[in-house]
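So the sequences go chain by chain: P and U. By my numbering, the letter at position 42 of the first sequence is numbered 958, and the numbering carries on one by one without gaps. By my numbering, the letter at position 123 of the second sequence is numbered 851, and the numbering carries on one by one without gaps.
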Amino acid sequence: MNKPAPDAVRAPTDWKTDAMQKRIRRRYARERRFKLFGMLAVILSAAFLAFLLFTMVTNGWRGFTRTEIALPLDFPAMAMQIEPAQLATPGANLALSGAELEGKVSNAALAAYGPQSVPVLSDAAWLKVREALKADPSLLGRKATLWVPASTQIEQGLRGNDAAAPLARKLYDAGKLHTGFNTGFFGDSDSTDPVAVGIWGAFKGSLLTMAVTFLIAFPIGVLSAIYLEEYAPKNRWTDLIEVSINNLAAVPSIIFGLLGLAVFLGSWSLFGVRVGPLLPRSAALVGGVTLALMIMPVIVIASRNAIKGVPPSIRDAALGIGASRIQVVFHHVLPLAMPGILTGTIIGMARALGETAPLLLIGMRAFIVTPPGGFTDPATVLPVQIFLWSDEVSRGFVEKTSAAILVLLVFLLAMNGLAIYLRNKFETRW
Amino acid sequence: MTDAHPAPHKMSARGVSVSYGDKQAIRDVSIDVDMDHVTAFIGPSGCGKSTFLRTLNRMNDTIASARVTGEITLDGEDIYSSDMDVVQLRARVGMVFQKPNPFPKSIYENVAYGPRIHGLAASKGALDGIVEQSLRRAGLWDEVKDRLSDSGTALSGGQQQRLCIARAIAVDPEVILMDEPCSALDPIATAKIEELIHELKGRYAIVIVTHNMQQAARVSQKTAFFHLGQLVEYGDTDNIFTAPKQERTKDYITGRYG
């Protein structure tokens, strides 16, 4: 190329030439195009989110309702050998089962509605009668009409989704059916009958599992981050540890499930001694520990970044007036790093909350009819419950699955809201 | 050596060298710091004056690769010996940094933090007293007395630096090291800090690093000129600026390089 001589006089730049004007126009066009792409990306992601929410809500809102049927019951005619006083005792359930309440409720339905091609009562209807009797023992001495859950065929028929639609319509027109808010969905657990299922058992399982996960992963993760950032010498070993942690954060969750299965639930031999299963199968405890292993790397990485972000001048300032290392960390570095640490922790917890695969492996896909009473009781969690229900054939479970997803989304939303609240609370204004 | 010649000096450095890994930053520096004096370290950028300052309260300990050899004493005690508690040393030899670095806490908490961690105040009242006295000595009390609970970072740059001085004073140090304390400040704030240094002179031994030669001439009684990691000349400020013995000092002072 013809390089100008170093001492050549440069011609003054003409900013008005056509080439210049074209360049300016091109620059503006490029800027507009970039903005447009960005906006399109935002709109597209918002549309996906809106679509998801719309589908879930339209499918799921019916999961929060339940159709009930009027059931006339003639208790004196049932001739149950039960004293009203007995119903207030803990043995009431046993006594009512002994009195064949279930069969008698079925007979009452047969008497009221005649033989039909589909059952009109939910499998759980007699349980509702049992609770009513326990709540009001005087019922035993008189006739009464109780509203009990209708069968899933009737419920779906009322929505035009089932062959039982004409029957359901007839019953509805006769005033024998009504649909209301399903309080049982938030109080009951899994069941074989979609009308009777509830989310409470899985919700409680999730809460217990999250508690275990948090109590293990948060302190260990944060303390590791503090040690690695503030104390550990920078050498090949700490580099190796850093690489390993970054790797662990990317390991597929199912592998942590296998690890949990092998270490906590399997029995293995250690120096010739058999070490039995360390933790009970299917429990919130083993689920929590496994998920803690999974999210610990996430917490360590987020915490290290947050600690790194604290300006060194603050450390100097504290050291300069004679604060010890540990005082520097706990009085100055940690409070300033807390918003970042909490954000990372909540992201990790949200990931753990939505995790299904590792929990399937450690037996948390059990059919849980009673909510877990503690950390060692068999439990399941929300995403596993969703997975289990989505696998069911009955039409009624489709709504319940969507409803459970909505509950999970609200749970996640609450957690993220908490994260934002905590971050604002701890954030230091400079 | 210290036994043979009991040091009358507050701090003495003998044959101090500092290296970061392979790179030698300070070579064989010997200097004394006296009580009622302000000692200024001057020299071009990168000459090692700040590095040397940081050896005086062992702030270099935080840099893993830093190696310090030689002997530095405070009241005749070797500060690098294993008997010396570094936390106590830094309370006795306070430091003010180049960039004002108040804690993101209230003004009161900034000053009270040091006395609190060292257990210097027996009661809330005593702590209030220390805070007020420190802020008064730093010439900041009248400006902040009505807003002690405001954040220290909300103050102006010059006020922040005086707050940092108050924070250093609050732990009742014997020596105060100042690492270019005015380089981030405007001329008016600088004048206030210099005035403050004059007032603090009698009470504390003050060492100030500066690359502003006029400032060194204004505030100090002793001046040390560093160049390329060596102490070139050390003596009374008046002599250094009017009749330097070394050619290099003269060239620097007359602005030949820097």
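Note that the Cβ used here is the ideal one computed from N, Cα and C, for glycine as well.
If only uninterrupted alpha helix (DSSP H) runs of at least 4 residues are considered, those enclosed by the stretch 847-907 of chain U are 852-865, 869-872, 885-898. Within chain U, the C-beta atoms nearer than 7 Å to that of leucine 1235 of chain P come from Met787, Thr790, Arg818, in chain order. Per DSSP, reduced to three states, the secondary structure at aspartate 1078 of chain P is coil, with no helix or strand assignment. Non-local beta-carbon contacts of serine 1198 of chain P in its own chain, meaning distances under 6 Å to residues more than five positions away in sequence, involve Gly1279, Met1280, Ala1282, Pro1294 in chain order.
Membership of lysine 1341 of chain P in the alpha helix (DSSP H) is indicated by the continuous run 1312-1342. Secondary structure at aspartate 803 of chain U: coil, using DSSP grouped into helix, strand and coil. The C-beta distance from arginine 1046 of chain P to leucine 1017 of chain P rounds to 6 Å, short enough to meet the 8 Å contact threshold. A Cβ-Cβ contact shorter than 8 Å links asparagine 838 of chain U with glycine 880 of chain U.
By the criterion of a C-beta distance shorter than 8 Å, threonine 981 of chain P is surrounded in its chain by Thr1095, Gly1096, Phe1097, Asn1098, once the five residues flanking it on both sides are discounted. Closest in C-alpha terms to serine 1067 of chain P, from the list P:Thr1108, P:Val1226, P:Ala1239, P:Tyr1147, comes P:Thr1108. Glycine 867 of chain U has a beta carbon lying at 8 Å or more from every beta carbon in chain P. At the C-beta level, alanine 1208 of chain P and valine 1128 of chain P come within 8 Å of one another. Not flagged as an interface residue toward chain U: glycine 1225 of chain P, since no C-beta distance is shorter than 8 Å. The Cβ-Cβ distance between isoleucine 893 of chain U and valine 824 of chain U falls below 8 Å. One thing to note: isoleucine 925 of chain U has its Cβ no nearer than 8 Å to the Cβ of glycine 822 of chain U. Rounded to whole angstroms, the separation of the alpha carbons of tyrosine 1337 of chain P and isoleucine 800 of chain U is 51 Å. Looking at the DSSP output, glutamine 752 of chain U shares a beta bridge with U:Ser747. By the beta-carbon neighbour count (other beta carbons within 10 angstroms, threshold 16), glutamate 927 of chain U is exposed.
At a cut-off of 8 Å, the C-beta of proline 909 of chain U has no neighbouring C-beta in chain P.
Within 9 Å of the CB of aspartate 1232 of chain P, the CB atoms of chain U belong to Met787, Thr790, Met823, Phe825, Asn829, in sequence order along the chain. Aspartate 1293 of chain P has no beta-bridge partner at all, per DSSP. In the three-state reduction of the DSSP assignment, alanine 1112 of chain P falls in the coil class.
Contact between glutamine 889 of chain U and leucine 913 of chain U is confirmed by a C-beta separation of about 6 Å, below the 8 Å threshold.
A straight line joining the alpha-carbon of glycine 1114 of chain P with that of alanine 1084 of chain P spans about 24 Å. Sorting U:Thr982, U:Ala794, U:Thr767 by C-alpha distance to the C-alpha of threonine 779 of chain U places U:Ala794 at the top.
Contacts with chain U at 8 Å (Cβ-Cβ) do not include glycine 1256 of chain P. At least one CB atom of chain U sits nearer than 8 Å to the CB of leucine 1252 of chain P. For tryptophan 1184 of chain P, the three-state secondary structure derived from DSSP is strand. Residue U:Gln861 holds the alpha-carbon nearest to the alpha-carbon of alanine 898 of chain U among U:Gln861, U:Glu871, U:Pro909, U:Glu923.
Among the residues of chain P, those whose CB is under 9 Å from the CB of alanine 896 of chain U are Gly1236, Ile1237, following chain order. Identification of chain U residues near lysine 1150 of chain P by a Cβ-Cβ cut-off of 9 Å yields Ala792, ordered along the chain.
Taking histidine 737 of chain U as the centre and dropping the five residues before and after it, the same chain places the C-beta of Asp760, Asp762 closer than 6 Å to its C-beta, in chain order. Look at isoleucine 921 of chain U: its C-beta is not under 8 Å from any C-beta on chain P. Scanning U:Val872, U:Asp870, U:Gly930, U:Arg895 for the CA closest to the CA of leucine 855 of chain U turns up U:Arg895.
Listed by position along chain U, the residues whose Cβ is nearer than 7 Å to that of glutamine 937 of chain P form an empty set, because the closest Cβ is around 44 Å away. Straight across, the Cα-Cα distance linking threonine 1061 of chain P with aspartate 1106 of chain P is about 27 Å.
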